[in-house]
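Asker: Counting in our numbering, the sequence shown runs without a single skipped number right up to 529 at its last residue.
Glycine is no exception: its CB is placed at the ideal position from the N, C-alpha and C atoms.
Encoded as structure tokens, here's the structure I'll be asking about.
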Amino acid sequence: MTTPRFITFEGIDGSGKSTQSRRFADHLRAQGQDIVLTREPGGSPGAEEIRQLVLTGDPDRWSAETEVLLFTAARRDHLEKTIEPALAAGKTVISDRFADSTRVYQGATRGDLRNMVGQLHSLMIGREPDLTFIIDMDPATALERGLARKSGEDRFEDFGLPFQETLRHGFLALAHAQPERCILIDGNRTADQIASEIAAYA
Ligand code: ADP
Ligand code: TYD
């Protein structure tokens, strides 16, 4: 039996995280591994309810501080109800986004919140993935792909291109700061090319 791993996919909106996390899950399942594919915000019934609160409505619906609390509350529920039970049962967990998204979307875009994000993480979450794929790509192309989906969950995409550029730099800085768990993936390629690079980490 392979050791269960906690694997996350991160990157800006529309960078291909959902596509690649699904493909990697399929790849590992085809090798006989037991996989739980999940996502944030969400991934448990309570966290999916919080997802609706944070991703819909006016961009200024929540203060930055409230938003961090909502994402952290959702993550705590996701961890308790989905991630930890799956790992304890010997399953590998693949999550489309996790704590790095809060570090970058809330922490790195508003410098004054970085400490609060870090402290809340230590207090309430306290664990990192074993492996994180950070998909890097041109924000203009990613934004076009993301908005083309018309999901109705576009509060963050609605902040526009300069915000996506800032996010991209936040993810790149994180990949450089934590090379032991973060693998930087060039997302400006076909989905097949990207999936075959990621498959090497099976
Ligand atoms: P994310 O989860 O990062 O927002 P998705 O995987 O949902 O990204 O991809 C966003 C959109 O772009 C989807 O319509 C998807 O089919 C498409 N897409 C994903 N990867 C690629 C790729 N490598 N090249 C072109 N289009 C892609
Ligand atoms: P997601 O459904 O992954 O959107 P996309 O497919 O467009 O990448 O995530 C929804 C949005 O929530 C996305 O814009 C990023 C944002 N987000 C945060 O701001 N902080 C967080 O901690 C998380 C998990 C997501």
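Under a three-way DSSP split, which group does Ser422 fall into?
Answerer: In this structure, Ser422 counts as strand in the three-state DSSP scheme.
Asker: Beta-carbon separation of Ile452 and Glu337 under 8 Å?
Answerer: No.
Asker: Ignoring anything shorter than 3 residues or poking outside the region 334 to 406, list the beta strand (DSSP E) runs there in chain order.
Answerer: Within the region 334 to 406, the complete beta strand (DSSP E) runs of at least 3 residues are 362 to 366.
Asker: Taking all protein chains shown into account, decide if Ala401 is buried (16 or more other Cβ within 10 angstroms of its Cβ) or exposed.
Answerer: With 16 or more other Cβ atoms within 10 Å, it is buried.
Asker: In the DSSP output, what is Phe460 paired with across the bridge?
Answerer: Phe336, Ile510, per the DSSP bridge assignment.
Asker: Taking only the alpha-carbon atoms, compute the straight-line gap between Ala522 and Gln347 and give it to the nearest angstrom.
Answerer: The straight-line gap from Cα to Cα measures roughly 6 Å.
Asker: Thinking just about the alpha-carbon of each residue, which of Leu501, Glu455, Thr493, Phe486 is nearest to the one in Ala334?
Answerer: One point to set straight first is that residue 334 is Ile, not Ala, in the sequence displayed. When each option's Cα is compared against that of Ile334, the closest is Glu455.
Asker: Note the first and the last residue of the continuous alpha helix (DSSP H) segment covering Gln491.
Answerer: Taken as a continuous stretch (DSSP letters only), the alpha helix (DSSP H) holding Gln491 covers 488 to 504.
Asker: Using the beta-carbon count (16 or more within 10 Å), is Asp387 buried or exposed?
Answerer: Exposed, because fewer than 16 other Cβ atoms sit within 10 Å of the Cβ of Asp387.
Asker: Could you please go through the chain and list the residues whose beta-carbon is closer than 7 Å to any non-hydrogen atom of the ligand ADP?
Answerer: Result (chain order): Gly338, Asp340, Gly341, Ser342, Gly343, Lys344, Ser345, Thr346, Gln347, Asp423, Ile462, Arg472, Gly473, Ala475, Arg476, Gly514, Arg516, Thr517, Ala518, Ile521.
Asker: Cα separation between Ile339 and Gly417?
Answerer: Cα to Cα, Ile339 sits roughly 30 Å from Gly417.
Asker: What are the boundary residues of the alpha helix (DSSP H) that Leu440 is part of?
Answerer: From DSSP, Leu440 is part of no alpha helix (DSSP H); its letter is neither H nor E.
Asker: Just to confirm, are Ala467 and Leu488 a CB contact at a threshold of 8 Å?
Answerer: Their beta carbons are under 8 Å apart, which means Ala467 touches Leu488 by this criterion.
Asker: Could you give the distance in angstroms between the alpha-carbon of Gly370 and the alpha-carbon of Ile421?
Answerer: Rounded to whole angstroms, Gly370 to Ile421 spans 11 Å at the Cα level.
Asker: At a threshold of 7 Å, does Pro466 count as lining the ligand TYD (C-beta to nearest heavy atom)?
Answerer: No; taking the cut-off as 7 Å, the Cβ of Pro466 has no heavy atom of the ligand TYD nearer than that.
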